[in-house]
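Going by this note's numbering, the sequence shown opens with residue 2, and the numbers climb by one from there. Presented below is the structure to which this report refers.
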Amino acid sequence: MRRLAILGAGGHGKVVADTAQCCGWDQVDFYDDAWPGVERNGCWSVVGDLATIYARLQDYQGVTVAIGNNTIRHFKLTALIGAGAPVVSLIHPAAVISQYSSVGLGSVVFAGAVVNVDTKIGIGAILNTGCSVDHDCILGDAVHVSPGARLAGAVSVGDRSWIGIGACVRQLIKIGADAIVGGGASVVNDVSDGMLVVGVPARASPTA
2 MRRLAILGAG
12 GHGKVVADTA
22 QCCGWDQVDF
32 YDDAWPGVER
42 NGCWSVVGDL
52 ATIYARLQDY
62 QGVTVAIGNN
72 TIRHFKLTAL
82 IGAGAPVVSL
92 IHPAAVISQY
102 SSVGLGSVVF
112 AGAVVNVDTK
122 IGIGAILNTG
132 CSVDHDCILG
142 DAVHVSPGAR
152 LAGAVSVGDR
162 SWIGIGACVR
172 QLIKIGADAI
182 VGGGASVVND
192 VSDGMLVVGV
202 PARASPTA
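Written out as structure tokens, the structure reads:
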């Protein structure tokens, strides 16, 4: 029996668990610091907290982190990798990944996502439902590309940056680390580290 442990029992975790079962994992257990107050996440059991998952690593063939916050996910995943956890990536069978692209440890690729040739995805990335990442893109660690977002060719995205739902990014654009692209934005200029951009065309938010 192939058993998977997931750290983070929220809504995002449910999609990760469902993807895992579509990938052939026989049993999925959740771990969350809300345990024991929270014992279920949808149809899956929450069986322990962060300390417990470290104590039980030998019980699992795979471990991943399902926390939506990019910074927290990056930190927790890096710690698990450092502890020798059997961290795995999950790619939904309805996603399309070029054989010439790479997906880092602990990343999840959901149904309908498309990753084209010569793209490199870092560790702990989320490629959400129906997004597309075109040829020669480079995505850093713990990047989140939201549902329906579109990255054209040769876009680079720095660590922990978030591309909002339905956003579009023009080819050759460089987005820095810890940046946020708002939902529905159209990015036609480079985005600096830590910048929040919104609108069509996307501009720095006055509240950033």
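In this text, a Cβ means the ideal position worked out from N, Cα and C, and glycines have one as well.
Cβ pair residue i, residue j closer than 8 Å
{"i": "Val158", "j": "Gly183", "result": "no"}
{"i": "Asn42", "j": "Arg161", "result": "no"}
{"i": "Val16", "j": "Phe111", "result": "yes"}
{"i": "Gly131", "j": "Ala153", "result": "no"}
{"i": "Ile166", "j": "Asp191", "result": "no"}
{"i": "Thr20", "j": "Leu91", "result": "yes"}
{"i": "Ala188", "j": "Ala178", "result": "Correcting the residue type first, residue 188 is Val in the shown sequence and not Ala. The answer is no: Cβ separation not under 8 Å."}
{"i": "Asp30", "j": "Ala6", "result": "yes"}
Limits of the unbroken alpha helix (DSSP H) element including residue i
{"i": "Asp19", "result": "12–23"}
{"i": "Thr79", "result": "71–83"}
{"i": "Ala56", "result": "51–56"}
Identity of the residue in the options nearest residue i by Cα
{"i": "Gly69", "options": "Val115, Gly125, Ser46, Cys23", "result": "Gly125"}
{"i": "Gly107", "options": "Val64, Gly38, Ser133", "result": "Val64"}
{"i": "Ile82", "options": "Tyr55, Ala168, Val192", "result": "Tyr55"}
{"i": "Gly12", "options": "Val66, Gly49, Leu58", "result": "Val66"}
{"i": "Asp122", "options": "Ala155, Pro94, Val188, Met196", "result": "The displayed chain sequence assigns Ile, not Asp, to residue 122. Out of Ala155, Pro94, Val188, Met196, Ala155 has the C-alpha closest to the C-alpha of Ile122."}
{"i": "Tyr61", "options": "Ile73, Trp26, Ala35, Leu78", "result": "Trp26"}
{"i": "His75", "options": "Ser193, Ala35, Gly141", "result": "Gly141"}
{"i": "Gly9", "options": "Asp34, Gln22, Asp194", "result": "Asp34"}
{"i": "Val97", "options": "Gly85, Leu78, Asp135", "result": "Asp135"}
{"i": "Met196", "options": "Asp50, Gln172, Trp163, Ala168", "result": "Trp163"}
{"i": "Met2", "options": "Gln28, Ser46, Ser206", "result": "Gln28"}
Residues bridged to residue i (per DSSP)
{"i": "Ser193", "result": "Partner(s): none; Ser193 has no beta bridge."}
{"i": "Gln28", "result": "Arg4"}
{"i": "Gly63", "result": "Leu5"}
{"i": "Trp163", "result": "His145, Ile181"}
{"i": "Asn42", "result": "Trp45"}
{"i": "Cys169", "result": "Arg151, Ser187"}
{"i": "Val205", "result": "Checking the displayed sequence, the identity of residue 205 turns out to be Ala instead of Val. Answer by DSSP bridge pairing, in chain order: Val198."}
Neighbour flag for residue i against chain C, beta carbons, 8 Å
{"i": "Trp36", "result": "This model lacks chain C altogether; it includes just one protein chain."}
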